[in-house]
Amino acid sequence: MTLKISNRDARRFWLFNQGLAETPTGPADPLAIIKRLGFVQLDSIQVLSRAHHHILWTRNQNYREPMLNKLLADDRSVFEHFTHDASVLPMDSYPYWTVQFARRKARMDGKGWFKTALEKVDLAEIKARIANEGALSTEAFDTKVDGPKEMWSRPPHKQALDYMWYAGSLATCYRHNFKKFYNLPERVVPDHIRATQIPEQDQHNWLCTQALDRLGFASPGDIKRFWEAMDTSDVRAWLDTMSLQDVQVESADGDWVTMLAPHDIEDRLAKVPAPTSRLRLLNPFDPVVRDRTRLSRLFGFDYRIEIFVPAAKRQWGYYVYPLLEGDRFVGRIEAKANRKSGQLTVTKLWREPGVQWTSARADKLTAELTRMGRFIGTPDIQWVCAPEPSAPPQ
């Protein structure tokens, strides 16, 4: 008989795999968290804390922001590259990532606007400067955008640095105030790791297997979207070599969806603990939230980031944080921090449909905001909206 996984068990399994079942206490080990997740997305927006720091803090609230740059700049235990977006990955996954270097390079080579920009700069000259002068940021170069400057316009030297970073011929060695500094890979990636050569098909197999391990159960599309380092054809080729188990996963609306799972799925499910009842403020780029299809299917939580939506057309707000309690999304909150004044200001609060906002739940939110305030240096919590949540907008 096909194994059936109830919606509650599916939610708990997914949250456990993503490090959100346990109480986020104990000694901070950000490298262990990154290895467990596979990668952590980087993002420049700092409303409370930047996404990468927030994601790590959510899983261990003894984490502090300088810890990540130490892994990148000093320990060389993580590296930066592109999954679905700029991310940090464990350094031991680097040998399995050269397929992504080649894939990204091929895609850029096929873009006419990239070719036009690269014709205006000398890649060898840029790389020679880095070889001779050491790590450099974009500010060390001076080329201008031709024509009108649009939101996503980049000067030719910036596109050249991006091109070599995507292709793996340059590497990020550290960041300062989120500004990326580029260096030669041999100065960033340990020699024994760069010397490890993995055949392309073995890299695809590893990426697919690692994705399914972290997802627990998945469709082929889920597996592809996890890393965004393979094409659909690569995933299907891997599936042709595998003997996986079909499972039926109950969605939030009671439908049953056929998914793929490892053969030890029942053993894995049996080891999943009940999640902590702590209420958590998740980042919009948290891996549990990122795949909107999976999020809606498992939790019935429809969410999108509205930073690029004109203010008048936003349903919720510019940067709204999902609120997770146990294995259920119970609300959303809009808040911002002023680190200079030490204030964390709550501007809007909503509850999800069917959620009663009890005094106990309100106390949990206050406790989480207080913990966030300590983390980012804003101990003064200010409410400019009513502490009682609004109903979801229609």
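Count along the sequence shown from 1, then add 41; that gives the number in this note's numbering. We put the beta carbon where it would ideally sit given N, CA and C, even for glycine.
Inter-residue CB distance, residue i and residue j (contact presumed, cutoff 8 Å)
| i | j | result |
| --- | --- | --- |
| THR124 | GLN102 | No, THR124 and GLN102 are not in contact; Cβ-Cβ is about 25 Å, not under 8 Å. |
| TYR223 | ALA114 | 13 Å between Cβ atoms; not a contact. |
| GLN423 | GLN384 | 5 Å |
| THR273 | ASP287 | Actually they do not touch by this definition, with Cβ atoms about 19 Å apart. |
| TYR362 | ARG373 | 7 Å |
| LEU364 | LEU336 | 14 Å between Cβ atoms; not a contact. |
| ILE234 | TYR135 | 5 Å |
| ALA208 | LYS152 | Actually they are not in contact, since the Cβ atoms of ALA208 and LYS152 sit about 13 Å apart, beyond 8 Å. |
| SER292 | ASN48 | 7 Å |
| MET100 | LEU61 | Residue identity check: residue 100 is Arg in the sequence provided, not Met. Right, the Cβ-Cβ distance comes to about 7 Å (below 8 Å), so this counts as a contact. |
8 Å Cβ shell around residue i - same chain, five flanking residues per side excluded
| i | result |
| --- | --- |
| CYS426 | VAL387, THR388, LYS389, LEU390 |
| ASP294 | GLY341 |
| MET192 | Residue placement at MET192 cannot be trusted, given a pLDDT of 44 that sits under 50; what the coordinates show is reported in the next sentence. Here the set comprises nothing. |
| GLU375 | TRP357, GLY358, TYR359, TYR360, VAL361, TYR362, VAL387, THR388, LYS389, LEU390 |
| TRP247 | TYR137, ILE239 |
| GLU227 | ARG235 |
| GLY175 | ASN224 |
| HIS304 | SER284, LEU285, GLN286 |
| ARG309 | PHE54, GLY257, PRO303 |
| ILE171 | LEU177, LEU211, TYR223, ASN224, LEU225 |
Close-in-space but distant-in-sequence residues of the same chain around residue i (CB under 7 Å, 5 per side omitted)
| i | result |
| --- | --- |
| ALA169 | none |
| LEU97 | PRO71, ILE74, VAL81, TYR104, LEU109 |
| LYS76 | PRO131 |
| MET149 | PHE155, TYR204, TYR207 |
| GLU409 | LEU320, ARG321, LEU322 |
| PRO68 | ASN103 |
| ALA403 | PRO428 |
| ASP126 | GLN82 |
Cβ-based neighbour list, residue i, same chain, cut-off 6 Å, excluding 5 preceding and 5 following
| i | result |
| --- | --- |
| HIS94 | GLU106 |
| PRO197 | ALA158, LYS161, VAL162, THR184 |
| PHE182 | HIS198 |
| ARG255 | ASN58, GLY79 |
| GLN244 | TYR137, VAL140 |
| LEU406 | LEU320 |
| PRO261 | VAL276 |
| ALA92 | GLN82, ASP84, ASN324, PHE326 |
| SER437 | Residue 437 cannot be examined here, being either before or after the span of the chain that is shown, 42 to 435. |
| GLN200 | ALA158 |
| THR282 | none |
| THR237 | PRO136 |
| ARG355 | GLU347 |
C-beta contact flag for residue i and residue j at 8 Å
| i | j | result |
| --- | --- | --- |
| TYR137 | ILE74 | no |
| GLY367 | ASN58 | no |
| VAL229 | PHE155 | no |
| ALA302 | LEU285 | yes |
| VAL290 | ILE46 | yes |
| LEU280 | ALA51 | no |
Pick from the options that is closest to residue i, judged by C-alpha positions
| i | options | result |
| --- | --- | --- |
| SER457 | PHE349, ASP70, ALA401, GLY153 | Nothing about residue 457 can be reported from this structure: the residues present for the chain run from 42 to 435 only. |
| ARG412 | LEU78, ARG355, LEU89, SER337 | LEU89 |
| LYS377 | ASN246, PRO428, VAL350, GLY414 | GLY414 |
| PRO433 | ASP133, GLU393, ILE46 | GLU393 |
| PHE54 | VAL350, GLU307, PRO351 | GLU307 |
| GLU429 | SER400, GLN435, GLU409 | SER400 |
| LYS265 | ASP332, LYS312, GLU63 | ASP332 |
| ASN218 | LEU410, ASP263, GLN87, TRP268 | GLN87 |
| ASP232 | GLN200, HIS122, GLU347, ASP133 | ASP133 |
| GLN242 | ALA278, LEU112, ALA311, ARG355 | ALA278 |
| ASP343 | ALA212, THR334, ALA403 | THR334 |
| LYS312 | THR43, MET42, GLU63 | GLU63 |
| ARG144 | GLU347, ARG195, TRP268, ASP404 | TRP268 |
| LEU44 | TRP297, ALA353, GLU347 | TRP297 |
| LEU112 | PHE349, THR213, VAL350 | THR213 |
| ARG369 | VAL350, PRO351, GLY395, GLU180 | GLY395 |
| PHE142 | ASP126, HIS122, VAL129, SER128 | HIS122 |
Touch test, the region 74-87 against the region 326-345, Cβ-Cβ under 8 Å, three pairs minimum: yes
Three CB pairs or more closer than 8 Å across the region 153-173 and the region 201-209: yes
Segment contact flag, the region 410-419 with the region 375-383, C-beta cutoff 8 Å, min 3 pairs: These segments touch.
Cβ contact (3+ pairs, closer than 8 Å) linking the region 304-319 and the region 244-253: no
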